[in-house]
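Student:
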Amino acid sequence: MTALADRLFEGADWDFPTLQRIHDACEGIARSELGLETYPNQIEVITAEQMLDAYSSVGMPLFYKHWSFGKHFAHQETFYRKGLMGLSYEIVINSSPCISYLMEENTATMQTLVIAHAAFGHNHFFKNNYLFKQWTDAEGILDYLDFAKSYVAQCEERHGRQEVERTLDAAHALMSHGIDRYPGKKKLDLRAEEKRAEERRSHEARAFNDLWRTIPTGPTKSAETLNIERRRKLLGLPQENLLYFLEKTAPRLQPWQRELLRIVRHIAQYFYPQGQTKVMNEGTATYVHYRIMTRLHEQNRISDGNFLEFLQSHTNVVFQPGFDNPHFSGFNPYALGFAMMQDIERIVSKPDDEDREWFPDVAGTGDVMAALRDIWANYRDESFIGQFLSPRLMRQMRIFHLHDDPEESAGIRVDAIHDERGYRRIRRELARQYDVGLIDANIEVVDVDLAGDRRLMLRHSVLKGAQLNEADAKRVLQHLADLWSYDVSLVEVDDKGVVLKEYVVNPRTMAAVA
Amino acid sequence: MHIVDRRLNPGGKSLENRQRFLRRAKALVQDAVKQSSQDRDIKGVLEGGEVRIPLDGMNEPRFRREGGTRDMVLPGNKKFVEGDLLPRSGQGTAKSSGPGEGDGEDSFRFVLSRDEFMDLFLDDLELPDLAKRKLADAESEGLRRAGYTTSGSPANISVNRTVRLALARRVALRRPRADAIVRLEAEIADSDEARRIQLTAEIDALKAKLRRIPFIDPIDIRYRQFETVPKPVAQAVMFCLMDVSGSMSEHMKDLAKRFYMLLYVFLTRRYRHVEIVFIRHTDRAEEVDEQTFFHGPASGGTLVSSALVAMHEIVRSRFRPSDWNIYAAQASDGDNSGSDADAVSRLLTEMILPVSQFFAYLEVREAGGSTFDTSDSSLWTLYQQLRAAGTPLSMRKVSERSEIFPVFHDLFQRRRKQEKVP
C-alpha cells in the first residue's frame, strides 16, 4: 500500500492540489534527469469555449481586434460544433513566465501529459533555442501585445474603425513579407566608431605605399549609375522586408499608420522562429513528455491504467500515415520530430557501424541528454534534418523523393528512395522543404522612381518556375499600392533574368488623400 | 509555479471580432439569411443556424506560388524504385494536399446564433428600429411577492407581520400589559400604608420594564419582498388563412410567408406558447400542414367564407377564446365570388372578430405592381366597410417585402391601447 500513497492521482479526476503535485513531480524529473532549464511556469485552466477564443487570436491571450479573427472564430466554431474537429489539448505561449493552457475537460492523465509536454518540453525549447533567443523577447511579449491592443483601440477611436481596418487589412496581406531574416548590423556607439577610425588610420599608415596610386581603377562610372547607386543606398535597397520599407519610406502614411505596420511586423517577427522549428519544437516536447511519463510510471507514481491511457493518446499524436493514406497531409511534425529524437538517443547510446560513419560527432558519446540539449539549442528544422536524419530512420519510414516536372509528360519521376544512393539526396531534399528561405516567395523592393512618378518597383525571383497566383497577387499588390499611395509594379523574373510576367497596380485611395 | 483558474473569466472574448466580421460581411450574410429563411418553416425562423456565404471580398490574400517543378518527400514507399515514372492520372496518390485549406476557399460556412439571425432577418424586412427593439426584447416583467425581509423601503413595511412578531416578542419577554398597571393603581387607592408602598414599588418596577421592552422594536420590523418575474404566460393561436387558387403566384405566397413569419416572431415574443393553424382555401377550405400550405397544388374557385367557417369550427372545437388569444392573418389576391360577400361579412362580424385579438388582411400583389392603377378588389371593398364599423381589422396591400411591416405598425398601436385593459 505504500506504493499507492505515492500515486499522484487515481482515476481521471483532478483538482488544483493534484495539478501542483503533478507539476512538482514533472519538474523533479525534468531538472534532475533531463537537465532541462525552463522559464517559470504559469498554468491556466480554461474551458473549451476559451480555447476556441484563443485559437482565433493565434493562441495569444490578448490581441487587438480585427474582423479576420472573428472569421476564423466563426469557422472553427462551426467545425467544432459539428464534431469535425477536436480541440488541441494545450496551447503554450513563448513568454516569461511561460503560460500553458489546460482544458478543464482533460483527465488527470492528460493534464500530466500536457504539463510535461508544454510546461517543460516547449518551455525548455523556447528558452534555449538560438532562434528564439535571437528573435523573440519572452519577457516583453505580453506587455507588447497589451500595448498593441490599446494602441489599435485608440486609433480606432481617433481615426475611425474603417480607416484602421483598411490599414490592418493591408498589413496582414503583407505579413509574410514583414520579417527581417537576418539580424541587422549593430549601430556602433561613438566610442567604438572612434576606435575603428583610429584603427583604419593606423592601418593606412602602416600599409602606405605610393605604388597603389598608379594602379588603374577601371572605367569610371557614369553619373547616372552613381546616382542610382546612391539612391539605392539611401533607401536601403534592395529590401525584402516590405512592411519595414513601407513603414520607413512610404511617402503619405500617417504616423499612426506607420505604427500599425510596425505592430504587425513585430508580431510576424515574433512568430518567425516558430515557423522554422515546428518539427524540432514538437519533437522536443513529445520526447520530453514521453521520458517524463515513462519515468513517472516506473516510479509507480501513475498507475498502469493511466499509463495505458497516456500511451494511447501518445500513439495518436505520433501517428504518421503513409502518402497513400487518405488521412495523409504531409509529414506530421510530432511523428518526425519524436522519431528523430529517439533515433538520436539510440545513436548516442547504442550506435552501430553505420551510425559511426554517418554521425561521428555524437555516435557512442553516451550522454544522451547532453547531446540532445545541444541539438535543441543550436539547430532549426532545416539544419536539424539536414544533419541528423539517419539512414535507418529513412528506411524505417520508407521515405522517398518525387520530382514533378510539368514538362515531363510521361509522369512524375521517383528521384530517390531509401537506398545507399538515395539517402543523402532524400535528406537534402527534405531539409530543403523546411528551409524558411524557400517557403515564402522571394519578393524584394528593388527601386523607386524618385525622379518620375514615384512608382515602387518590386521583383519576384521565380524559383523552379513557381509563379504567383494571379488573383491573390493582384489583391496583395492593391493593398501595397494603397499603402504606398502611388503606382506599384511587380515583375516576375526567372533565374536567367527573363521577365515572365509584369503587374502594375494603381492605388485606390489616391483621390481621397489628394 | 502558478496555477490560475481562468474558467470563470468572462467568456465571449471573440464576440467583438465576430461582430466585426458580421458587420463587414453584412450584405453577404443578409443574402444568405434571406435565402435560408425562404427554405425554413415558419417556426424555424427563430432558431439561428448555419449559413454559407461566398468568400469573395472576405478573403485575406497572401502572395502564393503555384505551378513550376515540384519536389516532394513522402513517407510510406511500398514498391517504388529510383527512376520509376508514375503516371499523372493517379495524381490522387502522389499529390500531397495542403492542410485542409481546399474546402474553405470558395465559400465559407458558419453558424449564426439565434439573435444574430433574427437581427439580420428583421433588418431585411426594413423594420424601423423601435419596432425591432420591441420584437427583439425579452418579454416584459412583472413583480411577484417573495416572502419578507428585514430590510427594505418604508413603503414596503408589512404591518401585519411586524405586529405579529412584536406581539410574540412581548409575550416572550413578559412585557407588562397596560391594564395590569391600571389595576394596581386602582388598588393603591383603597389599601393601607404597607400595602401601598409595596404596590408603588411593584408599579415602578413594571413601568421600568415597560420602558425597557418597547412595544415595537426595530428587530420586529419586516418588509415585503418582491422579485421580478416574467409576466404570466398566456397562450396564443395564430390562424394562417390563404387563398391558394390558381391566381396566387409564388411571389405572392412568399410575401404571405414573410408576413406569417413576422407575425409568428411577434407572437412568440409576447406569448410563451404559440400554436399555428394553417387553413387554405379555394372554394373549399381545409386545414393542412405547413408544407402543403405553401407548396401543395390546388385549384378551384374562390370562396373566402369557406375558410372562415373552417376557422370558426376549429376555434370552437380546440381553442376556447377564454383560454387562448386568437390571431388571424389572411392572405389573398382579393378575388372573391360576389355572392359570398354577405356570408363573409356575417361570419366576420358575428363569429370571428368578436373572439379575435386581431385580424390582419394582407392583399398580396405581383412585384412592381403599382398600388394606384387597379381598382379595389371585391374583398378589399368588403373589409373596408367592416373596418369602418370599428372592428379589430387591419388591412394592407403589399407587393414588396418592405411593405409588410406597416401592417404590424397597426398591430402595435392597437396592442398599446388594449394593454390598459387587464
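Chains A and B are the protein sequences, given in the same order.
Residues in the first sequence are numbered from 464 upward in steps of one, following my numbering.
Residues in the second sequence are numbered from 21 upward in steps of one, following my numbering.
C-beta: ideal position from N, C-alpha, C; glycine also.
Three-state secondary structure (DSSP) at A:V925?
Tutor: In this structure, A:V925 counts as coil in the three-state DSSP scheme.
Student: Quick check on A:N504: buried or exposed, where buried means 16 or more other Cβ atoms within 10 Å of its Cβ?
Tutor: It is buried - the Cβ of A:N504 has at least 16 other Cβ atoms within 10 Å.
Student: Can you tell which of A:Q720, A:T712 and A:R644 has the C-alpha that lies nearest to the C-alpha of A:A616?
Tutor: Nearest C-alpha to A:A616: A:Q720.
Student: Please go through the segment 550-628 of chain A and give each complete alpha helix (DSSP H) segment of 4 or more residues, from N-terminal end onward.
Tutor: Whole alpha helix (DSSP H) segments, 4+ residues: 571-577, 586-591, 593-598 and 604-622.
Student: Kindly indicate the opening and closing residues of the beta strand (DSSP E) around B:L382.
Tutor: That run of the beta strand (DSSP E) goes F378 to V384.
Student: Can you check whether the CB of B:S267 is closer than 8 angstroms to the CB of B:D355?
Tutor: Yes. Within cutoff.
Student: If you scan the segment 714-785 of chain A from start to end, which runs of the alpha helix (DSSP H) of 4 or more residues do you find wholly inside it?
Tutor: As far as the segment 714-785 of chain A is concerned, its whole alpha helix (DSSP H) runs of at least 4 residues are 718-739, 741-761 and 767-780.
Student: Which residues in chain A sit within 9 angstroms of B:G96, going by Cβ to Cβ distance?
Tutor: The contacting residues are Q783, P784, G785, F786, D787, N788, F791, M860, R861, I862 and F863.
Student: If we call anything under 8 angstroms between Cβ atoms a contact, is A:M832 one with A:G498?
Tutor: Their beta carbons are under 8 angstroms apart, which means A:M832 touches A:G498 by this criterion.
Student: Within its chain, find whatever has a CB closer than 6 angstroms to the CB of A:D747; leave out the 5 residues flanking it on each side and keep chain order.
Tutor: Just to set this straight, residue 747 of chain A is Thr in the shown sequence, not Asp. The answer, listed in chain order, is G584, F588 and W839.
Student: Just tell me which of A:L706, A:M803, A:Y707 and A:E772 has its CA closest to the CA of A:Y750.
Tutor: Closest by alpha carbon: A:M803.
Student: Along the segment 914-938 of chain A, what residues have a CB closer than 7 angstroms to any CB found in chain B?
Tutor: Of all residues in the segment 914-938 of chain A, K927, G928, A929, Q930, L931, N932, D935, A936 and R938 have a Cβ within less than 7 angstroms of some Cβ in chain B.
Student: Roughly how many angstroms lie between the CA atoms of A:R980 and A:T677, to the nearest whole one?
Tutor: Not covered by the structure: residue 980 of chain A. The range shown for chain A is 464 to 977.
Student: Whole angstroms are fine: how far does the CA of B:F130 sit from the CA of A:T541?
Tutor: In a straight line, the C-alpha of A:T541 is about 5 angstroms away from that of B:F130.
Student: Let me see if you follow: with CB-CB separation under 8 angstroms, is A:I889 close to chain B or not?
Tutor: Chain B, which has a Cβ nearer than 8 angstroms to the Cβ of A:I889, makes this yes.
Student: On the DSSP letters alone, give me the boundaries of the alpha helix (DSSP H) that A:L901 sits inside.
Tutor: Segment V899 to I902, the alpha helix (DSSP H) holding A:L901.
Student: Under 8 angstroms, Cβ to Cβ, is there at least one residue of chain B near A:G885?
Tutor: Yes, contact with chain B.
Student: Determine which residues share a DSSP beta bridge with B:W344 and list them.
Tutor: Per DSSP, B:Q255.
Student: My understanding is that A:R884 touches B:E102, with C-beta atoms under 8 angstroms, so please give their C-beta distance in whole angstroms.
Tutor: Confirmed, about 7 angstroms.
Student: Name, please, each residue of chain A whose Cβ falls closer than 8 angstroms to the Cβ of B:L230.
Tutor: Correct list: empty, because the minimum Cβ distance to chain A is about 60 angstroms.
Student: For B:F246, write down the residues that DSSP places opposite it in a beta bridge.
Tutor: In the DSSP output, where bridge partners are listed per residue, B:F246 has B:R165.
Student: For B:I73, return the contacting residues in chain A, with the cut-off set at a CB-CB distance below 9 angstroms.
Tutor: Here the premise fails: no neighbours, minimum Cβ distance about 10 angstroms.
Student: Just the C-alpha distance for B:R231 and B:A198, rounded to the nearest angstrom, thanks.
Tutor: Going from the Cα of B:R231 to the Cα of B:A198 covers about 12 angstroms.
Student: Counting only Cβ-Cβ distances shorter than 9 angstroms, please list the residues of the segment 29-44 of chain B near chain A, keeping chain order.
Tutor: Those would be N29, G31, G32, K33, S34, L35, E36, N37, R38, Q39, R40, F41, L42, R43 and R44, in chain order.
Student: The ligand SAH heavy atoms versus the CB of A:Y753: any closer than 7 angstroms?
Tutor: Questions concerning the ligand SAH fall outside what the structure shown contains, since it holds no ligand whatsoever.
Student: State the start and end residues of the unbroken alpha helix (DSSP H) segment that holds A:A798.
Tutor: Element bounds for A:A798: P796 to S812.
Student: Check for me: the alpha helix (DSSP H) holding B:V179 runs from which residue to which?
Tutor: Start and end: V179 to L193.
Student: Measuring CA to CA, which of B:A256, B:Q255, B:F298 and B:R340 is closest to B:A276?
Tutor: Considering only alpha carbons, the answer is B:F298.
Student: Where do the N-terminal and C-terminal ends of the beta strand (DSSP E) with A:Y966 fall, by residue?
Tutor: Here the beta strand (DSSP E) through A:Y966 covers V962 to V968.
Student: Determine the contact status of B:G96 and A:R861, defining contact as a CB-CB distance below 8 angstroms.
Tutor: A contact, by the Cβ cut-off of 8 angstroms.
Student: Comparing alpha-carbon positions, which option in B:R85, B:S133 and B:S211 lies nearest B:Q39?
Tutor: With distances taken between Cα atoms, B:Q39 lies closest to B:S133.
Student: Compute the Euclidean distance between the alpha carbons of B:M92 and A:W598, then round it to the nearest angstrom.
Tutor: Spanning the two alpha carbons is a distance of roughly 30 angstroms.
Student: A:V976: buried (16+ other C-beta within 10 angstroms of its C-beta) or exposed?
Tutor: Since pLDDT at A:V976 reaches only 43, below the 50 mark, its modelled position is unreliable, and no value is offered.
Student: Consider the Cβ of B:V49: report whether some Cβ of chain A lies at a distance smaller than 8 angstroms.
Tutor: Cβ-Cβ to chain A under 8 angstroms: no for B:V49.
Student: Using a Cβ cut-off of 7 angstroms, pull out every chain B residue sitting near A:P701, in sequence order please.
Tutor: Result: empty, since nearest Cβ-Cβ is about 16 angstroms, beyond 7 angstroms.
Student: Hey, does A:F536 have any beta-carbon neighbour from chain B nearer than 8 angstroms?
Tutor: It does; some Cβ of chain B falls within 8 angstroms.
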